[in-house]
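Visitor:
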Amino acid sequence: MVQNLSQKLHCLQVKSSPPTRFLEEKFISLLRSCRTSHHLLHLHSQLTTHGLIHNAYVTPTLITTCSLLNKMPHARKLFDKMPQPNTATWNAMFRGYLHLECHLQVVVLFGEMNRAGAVPNCFTLPMVVKCCGKVNAVREGEEVHCVVVKMGFMSNPFVGTSLIDMYSSRGSVGDAYKVFGEMHQRNVVAWTAVIRAYISCGDMVSARRFFDLAPARDVVLWNTVVSGYIESGDMVAARKLFDKMPGRDAMSWNTMLNGYASNGDIELFEKMFEEMPERNVFSWNGLIGGYARNGLFSQVLESFKWMLVEGGDVLPNDATLVTVLSACSRLGALDMGKWVHLYAESIGYKGNLFVGNALIDMYAKCGVIGNALDVFNSIDRKDVFTWNTIINGMAMHGHAADALSLFDRMKNAVVKPDEVTFVGVLSACVHMGLVKDGFSFFQSMFDNYSIVPQIQHYGCMVDLLGRAGLLDQAVNFVRKMPMKPDAVIWAALLGACRIYKNVEIAELALQRLIELEPKNPANFVMLSNIYKDLGRWQDVARLKIAMRDTGFRKLPGCSVIEVDDSVVEFYSLDERHPETENIFRALRGLTVILRSYGYVPNLVDVAQGTVMGEVLQTTTLTRYPTYTRQSCRDCGSKIRKCHICRKKISNSFKLFHG
DNA sequence: CTAGGGTTAG
């Protein structure tokens, strides 16, 4: 009874005349735990009724909460109504914009701060300096530098370091060093910043000198210099320093892992992963992504499965899923891709834009454009990647009309088309033979979107003219190109010459192709096929000798197929599989059945060596596939099996089990 | 209310 009464009294006291400080603290803690915009609006109105909406202590926290909930416009409205915001409130605005990466807003707002006569402090300046660097605001950056000096903030390590970073990001190492020299106290972060400045301009010698001079070195500084050596391509120096490190953290190991991967040293790459004392999600992504970067897509899937089994607490994240899905696309591993789709949703990546875009691409490349569309439609906030992927996917599937209508929809959405969009649009025109429309799209790239056409777009145009049979126009177009035509351009022309049996232009194209890539036997095969079509057997023989003299043999095209849980690669008449006999027996059986239904095989292309892989090689050229084949370590040849030194480069024929 | 280092898509 007594306790109850005192509680009531206490409540009354608080309600009638609460000490302001108490209320302020209460609201600050409520705002910090606020997680929804609904709750935020509620608190906002409460603050208004308590007359605390322009409070010096509460308002900064309110603004911070707005920014965390993606409500900066709301914060801005409130902020603009304040008669005289204090520095902490200004800072909350800067931090909010910085958090959302609205760097330009920060620079603009700082101008307003000066005009309003408000005074920045040591928290304001690093944020503003950083943003000047981000948006490349050179003049503003120098003005802020002057403010720093005038207000005596050069002694503040945060301010000084931010200035070093700014000058470093615009490539002015000299200015970065000058700031470093003028700093009153230099901690290890400042040393790291100046060393980073030398690394980013490629001066590893100076970077190393400063590293050796530094009074203290922590693990971040060590890692910075190791990755500097990697960036400069010096894996040996990176390794030497790595071995000398007094304490390595997970990032040290991952840095080396990625270094070996980007230098194509698969052996050391794998060894590095095996030796790692601890593996976080970045380590696994390093392994998976390293295989992907080196074109070893089966190993991508294999190591992903290994991660699921052996990763322990480490779960894949969006980066993992995207890499694995793109490997599925490259391999045509649809079953695996579908599984990854379900798995991604089960671990909470249903709404992830990165994953969604990768799924669209995977379904499109695996031939199920319907599923690609389903994923596309399920994404509500589509970005330029989403649109480009579906447009290119549609074009690739021959749904050119759909690709073009999607392009129309894209224009109505707020997403601005880019150069990749136009590759899809133009290749849709190629498929439909829309020469006129193609040219008008090509023209509108620059006129309406200020996109300067790249060589890919010129390639599409050559393809467009060539496939429409307008070979002379195509040659003229190539001659008038503003850049030097590359092999893809000439190959497109050569391909068109085969369709229309134009020997004269074919010979011209081949001549250019031989100059550009003397090692690629596919070019000879193409011309040889044209001669064959025309029955010019003497020329075929002559070309065969010329081809032999180059010393290179054409790589047989290969196919990949998903079997159970694995991806298997095979060539025409391949006999490497342990069950070759059974496979061929089954095939013979199938042929008998097919023939009994009246099927007559077309052996002409097979006889000419135009197996699937070659068709792919010639028809996908204009799409500039990013497919990279492993290069031979000894002779640099970009082939799967080096025909010069006869070494097998990647273990591409490999079954794996889940 | 403060800084420096890693991965992913067309």
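Mapping of the first sequence onto UniProt numbering: residues 1 to 658, in sequence order. Glycine residues also receive a C-beta, built at the ideal position from the N, C-alpha and C atoms. Please read these numbers as outputs of a predicted model, since none were measured by experiment.
(1) Report the three-state DSSP secondary structure of F442 (helix, strand or coil).
(2) Do F282 and A250 have their C-beta atoms closer together than 9 angstroms?
(3) Can you tell me whether V107 is buried or exposed, with buried defined as 16 or more other CB within 10 angstroms of its CB?
(4) Since V173 contacts C201 with CB under 8 angstroms, what's their CB separation in whole angstroms?
(5) In whole angstroms, what separates the C-alpha of G264 from that of T323?
(6) To the nearest angstrom, how far is it from the Cα of M432 to the Cα of G171?
(7) Quick check: what's the CA-CA separation for P518 versus S168?
(8) Is R467 buried or exposed, if buried means 16 or more other CB atoms sit within 10 Å of its CB?
(9) Check for me: the alpha helix (DSSP H) holding S33 runs from which residue to which?
(10) Exposed or buried, what is K15 when buried is set at 16 or more other beta-carbons lying within 10 Å of its beta-carbon?
(11) Apart from the five residues just before and just after G424, which ones in its own chain have a Cβ nearer than 7 angstroms to its Cβ?
(12) How long is the line joining the alpha carbons of M381 and N371, rounded to whole angstroms?
(13) Comparing C-alpha positions only, which one of L373, D234, R217, A216 sits nearest to D203?
(14) Using a Cβ-Cβ cutoff of less than 6 angstroms, which residues in the same chain neighbour G361 once the five nearest sequence positions on both sides are dropped?
(15) For A216, which residues in the same chain have their Cβ closer than 7 angstroms to its Cβ, ignoring the five residues on either side in sequence?
(16) Which of the three DSSP states is assigned to Y229 in this structure?
(17) What distance in whole Å lies between the Cβ atoms of L62 and L47, which are believed to be in contact at a cut-off of 8 angstroms?
(18) Have a look at G228 and L321 and give me their C-alpha separation to the nearest angstrom.
(19) Tell me the rounded alpha-carbon separation between P453 and K178.
(20) Return the residue from the list D383, A428, G438 that minimises the CA-CA distance to N412.
(21) Do three or more CB pairs link the segment 344 to 354 to the segment 299 to 314 at distances below 8 angstroms?
(22) What three-state label does DSSP hand I266 in the structure shown?
(23) Suppose you measure from the CA of S252 to the CA of R32; what does that come to, to the nearest Å?
(24) Just to confirm before moving on: does the CB-CB distance between V503 and C497 stay below 9 angstroms?
(25) Determine the extent of the alpha helix (DSSP H) in which E112 is found, giving its start and end residues.
(26) In whole angstroms, give me the CA-to-CA distance for F552 and R186.
(27) M526: which of E419, W490, W284, F27 sits nearest, CA to CA?
(28) Which first and last residues belong to the alpha helix (DSSP H) in which H431 is found?
(29) Start and end of the alpha helix (DSSP H) containing K81?
(30) Within 10 Å of its beta-carbon, does P19 have 16 or more other beta-carbons around it, so buried, or fewer, so exposed?
(31) Taking its Cβ as the centre, do 16 or more other Cβ atoms sit within 10 Å of P60, making it buried, or is it exposed?
(32) With DSSP collapsed to three states, give me the class of M394.
(33) To the nearest angstrom, how far is the alpha carbon of F27 from that of T255?
(34) When you compare only the Cα positions, how much space is there between R208 and I195?
(35) CA-CA distance, G495 and F584?
Guide: A quick look at the data gives this:
(1) Within the first sequence, the letter at position 442 stands for residue 442. DSSP places F442 in helix when its eight states are reduced to three.
(2) Walking along the first sequence from the start, residue 282 turns up at place 282. Walking along the first sequence from the start, residue 250 turns up at place 250. In contact: F282 and A250 (Cβ atoms closer than 9 angstroms).
(3) What you label residue 107 is simply residue 107 of the first sequence in a count that begins at 1. Label assigned to V107: buried.
(4) What you label residue 173 is simply residue 173 of the first sequence in a count that begins at 1. What you label residue 201 is simply residue 201 of the first sequence in a count that begins at 1. Between C201 and V173 the Cβ distance is about 5 angstroms, and since that is below 8 angstroms, they are a contact.
(5) Counted from its first residue, the first sequence places residue 264 at position 264. Counted from its first residue, the first sequence places residue 323 at position 323. A direct Cα-Cα distance of roughly 17 angstroms separates G264 from T323.
(6) Residue 432 sits at position 432 when you count from the first residue of the first sequence. Residue 171 sits at position 171 when you count from the first residue of the first sequence. Taking the Cα positions, M432 is about 47 angstroms away from G171.
(7) Working through the first sequence from its first residue, we reach residue 518 at position 518. Working through the first sequence from its first residue, we reach residue 168 at position 168. Approximately 42 angstroms, taken between the alpha carbons.
(8) Taking the first residue of the first sequence as position 1, residue 467 is located at position 467. Under this definition R467 is a buried residue.
(9) If you number the first sequence from 1, residue 33 lands on position 33. Premise fails: S33 is in no alpha helix (DSSP H) and is neither H nor E.
(10) Counting from 1 along the first sequence, the entry for residue 15 is found at position 15. Bear in mind that the predicted position of K15 carries a pLDDT of just 46, short of 50, making it too unreliable to give a figure here.
(11) Taking the first sequence and counting its residues from 1, one reaches residue 424 at position 424. Once the five neighbours on either side are set aside, the close Cβ partners of G424 are N388, I391, N392, A395, A403.
(12) On the first sequence, position 381 is the one that residue 381 refers to. On the first sequence, position 371 is the one that residue 371 refers to. The question names Met, yet the displayed sequence has Arg at residue 381. Distance between the alpha carbons of R381 and N371 is about 18 angstroms.
(13) Stepping through the first sequence from its first residue, residue 203 is reached at position 203. Among L373, D234, R217, A216, the Cα nearest to that of D203 is on D234.
(14) Here the question's residue 361 lines up with position 361 in the first sequence. Strictly speaking, residue 361 in this sequence is Asp, with Gly absent from that position. Once the five neighbours on either side are set aside, the close Cβ partners of D361 are S329, T389.
(15) Walking along the first sequence from the start, residue 216 turns up at place 216. Non-local beta-carbon contacts of A216 in its own chain, meaning distances under 7 angstroms to residues more than five positions away in sequence, involve V188 in chain order.
(16) Numbered from 1 along the first sequence, position 229 holds the residue referred to as residue 229. Taken through DSSP and simplified to helix, strand or coil, Y229 comes out as helix.
(17) Position 47 of the first sequence, counted from the start, is the residue given in the question as residue 47. Position 62 of the first sequence, counted from the start, is the residue given in the question as residue 62. The pair is a contact, with the Cβ atoms about 7 angstroms apart (cut-off 8 angstroms).
(18) In the first sequence, the residue the question calls residue 228 occupies position 228. In the first sequence, the residue the question calls residue 321 occupies position 321. Counting only the Cα atoms, L321 lies some 28 angstroms from G228.
(19) Sequence index remark: in the first sequence, residue 453 carries index 453 (1-based). Sequence index remark: in the first sequence, residue 178 carries index 178 (1-based). A straight line joining the alpha-carbon of P453 with that of K178 spans about 42 angstroms.
(20) Numbered from 1 along the first sequence, position 412 holds the residue referred to as residue 412. Checking every option, the nearest Cα to that of N412 belongs to D383.
(21) Segments in contact, no.
(22) For this step, residue 266 is matched to residue 266 along the first sequence. Correct three-state label for I266: helix.
(23) One-based indexing of the first sequence puts residue 252 at position 252. One-based indexing of the first sequence puts residue 32 at position 32. Their backbone Cα atoms lie some 35 angstroms apart in a straight line.
(24) Translated into positions along the first sequence, residue 503 becomes position 503. Translated into positions along the first sequence, residue 497 becomes position 497. Judged by beta-carbon spacing, C497 lies within the 9 angstroms limit of V503, meaning their Cβ atoms are closer than that value.
(25) Along the first sequence, read from residue 1 onward, the residue named residue 112 stands at position 112. For E112, the uninterrupted alpha helix (DSSP H) segment begins and ends at 103 to 115.
(26) Taking the first residue of the first sequence as 1, we reach residue 552 at position 552. Taking the first residue of the first sequence as 1, we reach residue 186 at position 186. Using only the alpha carbons, I get a separation of about 59 angstroms.
(27) For the purposes of this step, residue 526 is identified with residue 526 of the first sequence, where counting begins at 1. Comparing alpha-carbon positions, the option among E419, W490, W284, F27 lying closest to M526 turns out to be W490.
(28) Numbered from 1 along the first sequence, position 431 holds the residue referred to as residue 431. Here the alpha helix (DSSP H) through H431 covers 419 to 432.
(29) In the first sequence, the residue the question calls residue 81 occupies position 81. Start and end: 72 to 81.
(30) Position 19 of the first sequence holds residue 19. Counting Cβ neighbours within 10 Å, P19 comes out exposed, since fewer than 16 surround it.
(31) Counting from 1 along the first sequence, the entry for residue 60 is found at position 60. With 16 or more other Cβ atoms within 10 Å, it is buried.
(32) Mapped onto the first sequence, residue 394 falls at position 394. In the structure shown, M394 sits in a helix (DSSP, three-state: H, G or I).
(33) Counting from 1 along the first sequence, the entry for residue 27 is found at position 27. Counting from 1 along the first sequence, the entry for residue 255 is found at position 255. In this structure, the straight-line span from the alpha carbon of F27 to that of T255 is close to 44 angstroms.
(34) Locating residue 208 in the first sequence gives position 208, where the first residue counts as 1. Locating residue 195 in the first sequence gives position 195, where the first residue counts as 1. Spanning the two alpha carbons is a distance of roughly 8 angstroms.
(35) Residue numbering aside, residue 495 sits at position 495 when the first sequence is read from its first letter. Residue numbering aside, residue 584 sits at position 584 when the first sequence is read from its first letter. Going by the C-alpha atoms only, they are around 33 angstroms apart.
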